[in-house]
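Under my numbering, residues 148 to 365 are what the sequence shown spells out, in order. Some notes on the structure that comes next.
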Amino acid sequence: MNIPTTVLAAALLLLAPTLTFAQGVGLQKPALPKDEGEKRILEAIADARKGQRYANVSDADGRLMRQLVEAVNAKRVVELGTSTGESGLYFSLALRKTGGKLYTYDIDPGRVEVAKANFKKAGVEDLIVVTLGDAHETAPKNTEPIDVLFIDAEKPGYDAYLRELLPLVRPGGLILAHNMRQPEPNPRYIEAITTNPDLDTSFVLMEGAGLGVTLKKR
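Put into structure tokens, the structure is as follows:
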């Protein structure tokens, strides 16, 4: 049966509000700064995105990550994949309140330099320790407990990062993994976080890149 184009268009228009509501699109408002420090960070995030085709995290991803870090009162956040620093800026919104620090790792010197400039512009360079090099080699050298681990590096390495750093994540800590929808996630990582009885995982914001939120059970 052939359905007229006008009928299909009308049906999509009727469905659009429902789909939009289900995804939260249209409900989200811009972040409101609580103080001048927060305003400076949000402005640095906006500036960092100018001229970029893709942000390393979306605003929705970044805001949720900030909320989780602040909610667990994280003192030590480890990030694998600094990129240009946007995710680090979102983390800094929380860390300036919790008194914690971000330890971030990237292998790309160009991106690291851009990230450092963005951190300086936001006035949060004292909250962030940047390490240039292969995170598989450099990150496990630190032996302090991790409150939140964020994985956003090369996708084939996600399961290896988990093996290397899960022992350092404290009980009650979180592992956040970006790109759980696109690009296609590492199946070994998905298997690792969904079949381990010591972990509990939810997948959120899947209308975008997707974020895996994994609790290391107490």
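No residue lacks a Cβ here, since even glycine has one placed at the ideal position from N, Cα and C.
Here the stretch 303 to 316 does not lie against the stretch 266 to 276, with fewer than 3 beta-carbon pairs under 8 angstroms apart. The alpha carbon of L249 has as its nearest neighbour, out of G235, E260 and R365, the alpha carbon of G235. The C-beta of S349 has fewer than 16 other C-beta atoms within 10 Å across all chains shown, which makes the residue exposed. With three or more CB-CB distances shorter than 8 angstroms, the stretch 320 to 335 counts as touching the stretch 303 to 311.
Assigned with DSSP and collapsed to three states, A324 falls in strand. Residue environment analysis places R213 among the buried positions, since at least 16 neighbouring C-beta atoms fall within 10 angstroms of its C-beta. Along the stretch 275 to 349, the alpha helix (DSSP H) occurs as fully enclosed runs of 4 or more residues at 282 to 285, 305 to 312 and 334 to 341, listed in sequence order.
DSSP places T251 in the uninterrupted beta strand (DSSP E) bounded by K248 to D253.
Residue range L358 to K363 is occupied by the beta strand (DSSP E) that includes K363.
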